[in-house]
Structure formats: C-alpha cells, structure tokens
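Under my numbering, the sequence shown has 170 at position 130, and the numbering climbs by one with no breaks.
No residue lacks a Cβ here, since even glycine has one placed at the ideal position from N, Cα and C.
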Amino acid sequence: MLNPLGPPVEGVSYSVGVILFILVEGLAYSLVVAYFIHRFVKEGARFTLDLFNGLETGFIDILYHKSIPRAVTSTFRNLFEGFELPVVDKGFNEKLVDKILSAGELFGKIQTERINHYLIIFGLGILLSLALVLGGLL
C-alpha cells in the first residue's frame with residue numbers, strides 16, 4: 041500500500057511537520073464545516089467578532105506566536121549547547137589547532153639551518169621513496 045506521506049527517510053518516521061500540517065488543516069476544515077452547518081443548515085446566528093478575536097488571541101497568538109517559537113528556540117539552543125560547543129568547538133576545532141601547532145613545533149625542531157642536515161634528510165627521503173617504489177614492484 042502506498043503511503044500518502046511518502047517513504048521514511050533514513051529509518052526515521054514520517055515528517056512530523058507534515059503530520060502537524062495535516063492535523064491543523066483537518067481542524068480548520070472541521071471548523072468551516074461546523075460553521076456552515078450552524079449558519080446555513082440550522083439557520084443559526086452569525087458568529088460574533090468577539091468569538092473570532094478570542095480564537096485569535098487565545099489560540100493563534102499563544103500557539104503560533106509564543107509556544108512554537110519558544111519550543112524551536114529552546115530545541116536549537118539545547119542542540120547548540122549540547123553538541124556545537126563541546127563536540128565541534130572543543131572536540132574538533134581546538135584539538136585540530138593543538139595538533140597543527142604540535143606538528144609545527146616538531147618541524148621547527150627539524151630546521152637547523154645547516155645545509156648538510158637538509159641534504160641528509162633529502163637523501164633519506166629519496167632512499168625511502170625508492171624502497172617503497174621498488175618494494176611495491178617486487
């Protein structure tokens with residue numbers, strides 16, 4: 041059976057955003073149908089402006105303008121403080137800089153500013169390269 045929400049992505053369930061969108065759309069259509077039945081089928085009174093203002097301030101403002109942004113902000117703040125700072129900044133960036141600095145100190149010790157030392161290192165590098173090439177050919 042084909043799922044209308046699409047296949048799961050990397051083993052994760054269907055998109056929560058899509059499901060919430062469908063729920064909100066269903067709620068909106070239910071309200072429209074309820075008003076249509078109330079107004080035209082049962083010939084009821086029109087809804088007052090106070091009801092719509094109460095719905096807007098009580099539901100839309102609280103849910104969409106306060107609750108959802110607060111939840112998204114706190115989620116990303118927790119993700120930043122729990123992952124970005126300890127893992128990326130301290131675990132990767134600072135350790136990478138420390139390794140590069142230690143490699144620079146190692147190469148700083150190798151530099152003696154004497155040509156015969158450089159020639160010895162160059163000769164050892166050539167011999168090592170030849171050994172690797174000829175060893176690979178055997």
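(message) At the level of alpha carbons, what is the spacing between residue 80 and residue 113?
(response) The C-alpha of residue 80 lies about 43 Å from the C-alpha of residue 113.
(request) Return the first residue and the last residue of the alpha helix (DSSP H) that residue 115 is part of. (result) Going by DSSP, residue 115 is part of the alpha helix (DSSP H) stretching over 108-119.
(message) Suppose you measure from the CA of residue 158 to the CA of residue 168; what does that come to, to the nearest Å?
(response) Each residue's alpha carbon lies about 15 Å from the other.
(request) Could you spell out where the alpha helix (DSSP H) holding residue 94 opens and where it closes? (result) Per DSSP, residue 94 belongs to the alpha helix (DSSP H) from 89-95.
(request) Leaving aside the five residues before and after residue 41 along the sequence, list all residues of the same chain whose C-beta is less than 6 Å from its C-beta, in chain order. (result) Caution applies to residue 41, whose pLDDT of 46 falls short of 50 and renders its modelled position unreliable; the value that the coordinates give is listed next. Taken in chain order, the list of residues that qualify is empty.
(request) Express the C-alpha separation of residue 152 and residue 141 in angstroms, rounding to a whole number. (result) Cα to Cα, residue 141 sits roughly 19 Å from residue 152.
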